[in-house]
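Reading the sequence shown from the start, the letters are residues 2 to 306 in my numbering.
Ideal Cβ positions, reconstructed from N, Cα and C, are used throughout, including at glycine.
Note that the structure is a prediction, hence the values are computed from the model and not measured.
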Amino acid sequence: MLHYRGKVFRPPFEENSLLIEATVGCSRDKCAFCSIYHDTPFAPSPMEDIESDIRFIGRNRTLFKRVFLVGADPFCLPFNRLQRIGELVGEHLPRVETIGCYASVRNILAKTPEQLSELAKLGYARLNIGLETGLDDVLAFMDKGNTADEAREALARLNEAGISFTLNLVMGLAGAGRGIENALANAAIVNEAQPQLIIVTALNVWPNAKLHDYVESGKFTPPTLREVIEEEAAFLRATELRDTLFFGMHELNPVRVNGTLPHDRDFLADELEAGIARFPDYQLDAPIRQIDRADGGLRRTGRTS
Ligand code: SF4
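Have a look at this one:
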């Protein structure tokens with residue numbers, strides 16, 4: 002049996018990866034829009050458990066081509082531990098070609114360029130990074146823990162080391178009236194970084210997140226449904242990417258599109274703008290998400306396409 006002590010989340014494109022738990026919880030757990038790990042104190046997984054899991058799979062199944070390290074941000078682990086995990090994978094899982102995990106900007110900046118190059122040689126690739134937004138004041142307001150320039154620096158270091166990456170963006174994170182500004186700031190960073198994959202998700206105000214309190218107190222005004230769709234279209238139109246997958250199919254997204262950039266850029270933006278016409282104005286002009294206190298759950302203001 003493999004050791005899973007915490008919550009197991011993986012990106013949509015890791016369905017065929019071997020999931021090895023490397024950390025439990027989030028090393029930061031402060032982002033205002035996120036409540037996933039509030040009930041899970043952070044801890045590195047014991048190295049003996051990680052080694053035992055890798056050896057166990059090595060003895061029983063060796064067909065996996067990729068390992069995805071489970072945890073909110075296993076790249077927070079010290080270089081020596083990530084190096085040891087990479088060595089164990091190489092030793093016991095010879096068919097594995099790459100190792101991925103969630104990583105924050107802070108995790109990356111805590112590694113030297115030489116250490117990142119070493120990790121690249123061990124197979125670390127396709128790190129999944131929560132960029133969220135390219136606007137400094139929004140990063141600070143949401144307590145993300147890094148600035149836009151730090152994100153730029155971290156992504157440049159990954160490119161220099163030869164470690165590919167996915168960037169996650171939250172449409173609507175800048176709040177009402179700032180969608181286009183956010184779109185252009187996001188596009189500026191991704192154009193510089195040239196990620197392998199971009200995943201966009203519409204903002205959702207979760208009941209246990211600090212952002213929920215900010216909405217209740219008037220400190221944050223969520224964007225409307227129309228603004229969120231327009232922001233995604235504006236972002237796409239501002240991208241200048243050479244070869245990047247674009248995944249906008251999350252269930253939170255009011256209009257779902259998926260393609261390759263730059264080839265599908267204008268088609269996807271057109272689809273998003275056409276999608277607006279499928280909603281009535283009363284939904285388009287309402288905040289994208291609201292808390293339904295009657296049943297403690299979430300009520301969507303717009304239907305999914
Ligand atoms: S968004 Fe990521 S880094 Fe921020 S609290 Fe959630 S899991 Fe942690």
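Pick from the options: whose alpha carbon is nearest that of residue i?
| i | options | result |
| --- | --- | --- |
| Thr134 | Asp150, Leu128, Ala121, Ala126 | Asp150 |
| Thr99 | Ala121, Leu83, Lys112 | Ala121 |
| Asn108 | Val90, Gly146, Arg279 | Gly146 |
| Cys102 | Tyr125, His93, Ser118 | Tyr125 |
| Leu83 | His93, Leu70, Glu92, Pro95 | Leu70 |
| Ala141 | Leu212, Ser46, Glu52, Arg158 | Leu212 |
| Gln116 | Thr148, Phe76, Asp137 | Phe76 |
| Asn17 | Ser46, Leu64, Val139 | Leu64 |
| Pro47 | Cys32, His4, Leu237 | His4 |
| Ala157 | Leu246, Met2, Pro114 | Pro114 |
| Met237 | Lys220, Leu204, Leu185, Asn205 | Contrary to the premise, residue 237 reads as Leu rather than Met in this sequence. The shortest C-alpha separation from Leu237 is found at Leu185. |
| Leu168 | Val139, Arg153, Ala210, Ala175 | Arg153 |
| Val1 | Ala175, Glu22, Leu78 | Only positions 2 to 306 of the chain appear in this structure, which leaves residue 1 out of reach. |
| Leu128 | Leu198, Gly180, Arg179 | Leu198 |
| Ile289 | Leu253, Gly163, Ala111 | Leu253 |
| Ser36 | Asp244, Val206, Gly219 | Val206 |
| Glu241 | Pro224, Asn259, Pro263, Leu78 | Pro263 |
| Ser165 | Ala177, Ser53, Ala104 | Ala104 |
| Asp265 | Glu88, Arg243, Ile181 | Arg243 |
For residue i, report the span of its beta strand (DSSP E) as first-last.
| i | result |
| --- | --- |
| Phe166 | 166-172 |
| Arg67 | 67-71 |
| Gly249 | 245-249 |
| Glu133 | 128-133 |
| Tyr103 | 99-104 |
| Ile199 | 198-203 |
| Val258 | 258-262 |
Is residue i near ligand 1, judged by its Cβ being under 7 Å from some heavy atom?
| i | result |
| --- | --- |
| Gly131 | yes |
| Ala155 | no |
| Ile37 | yes |
| Arg60 | no |
| Ala141 | no |
| Arg158 | no |
| Lys211 | no |
| Arg29 | yes |
| Ala307 | The first residue shown for the chain is 2 and the last is 306, placing residue 307 beyond what the model contains. |
| Ser105 | yes |
| Ala73 | yes |
Which same chain residues, not among the five before or five after residue i, have their C-beta less than 6 Å away from its C-beta?
| i | result |
| --- | --- |
| Ala295 | Any reading at Ala295 needs caution, since the residue's pLDDT is 44, under 50, leaving its predicted position unreliable; the model's value is listed next. Taken in chain order, the list of residues that qualify is empty. |
| Gly297 | Low per-residue confidence applies at Gly297: pLDDT is 45, beneath 50, and the placement is therefore not dependable, though the value from the model is reported in the following sentence. For Gly297, where only same-chain residues beyond five positions count, there are no Cβ hits under 6 Å. |
| Gly303 | In this prediction, Gly303 scores a pLDDT of 43, lower than 50, which makes its location untrustworthy; the coordinate-derived value is nonetheless stated afterwards. Result list for Gly303: Leu226, Pro255, Phe280, Gln284, in chain order. |
| Arg29 | Gly146 |
| Gly163 | Ala121 |
Starting from residue i, trace the alpha helix (DSSP H) both ways and give me its first and last residue.
| i | result |
| --- | --- |
| Ile51 | 48-61 |
| Asn160 | 149-162 |
| Val90 | 80-93 |
| Lys211 | 211-218 |
| Gln284 | 282-285 |
| Ala141 | 137-142 |
Please list, in chain order, all residues of the same chain as residue i whose beta carbon is under 8 Å from its beta carbon, the five residues on each side excluded.
| i | result |
| --- | --- |
| Pro281 | none |
| Asn160 | Ala194, Gln195 |
| Val90 | Ile55, Val68, Val97, Ile100, Leu123, Gly124 |
| Ser306 | With a pLDDT of only 35 at Ser306, under the threshold of 50, the placement of this residue in the model should not be trusted; the figure read from the coordinates follows. Hits under 8 Å: Pro255, Val256, Arg257, Gly276, Arg279. |
Going by beta carbon distance, what residues of the same chain come within less than 7 Å of residue i, once the five residues before and after it are set aside?
| i | result |
| --- | --- |
| Glu233 | Met172, Val201, Gly249, Leu273 |
| Gly26 | Gly7, Tyr38, Thr41, Pro42, Phe43, Ala44, Ala73 |
| Leu20 | Val9, Arg11, Phe69, Val71 |
| Ile190 | Leu132, Gly135, Ala149, Ala152, Arg153 |
| Lys31 | Asp144, Gly146 |
| Ala210 | Ala33, Phe34, Cys35, Ser36 |
| Ala188 | Phe236, Ala239, Thr240 |
Name, in chain order, the residues that DSSP records as bridge partners for residue i.
| i | result |
| --- | --- |
| Glu22 | Val71 |
| Tyr125 | Ile100 |
| Gly178 | Partner(s): none; Gly178 has no beta bridge. |
Answer yes or no: the CB of residue i versus the heavy atoms of ligand 3, is any distance below 7 Å?
| i | result |
| --- | --- |
| Cys32 | Among the ligands in the structure shown, ligand 3 does not appear; only ligand 1 can be found there. |
Beta-carbon of residue i versus every beta-carbon of chain D: anything under 8 Å?
| i | result |
| --- | --- |
| Ile51 | Going by chain labels, chain D is absent from the structure shown, which holds only one protein chain. |
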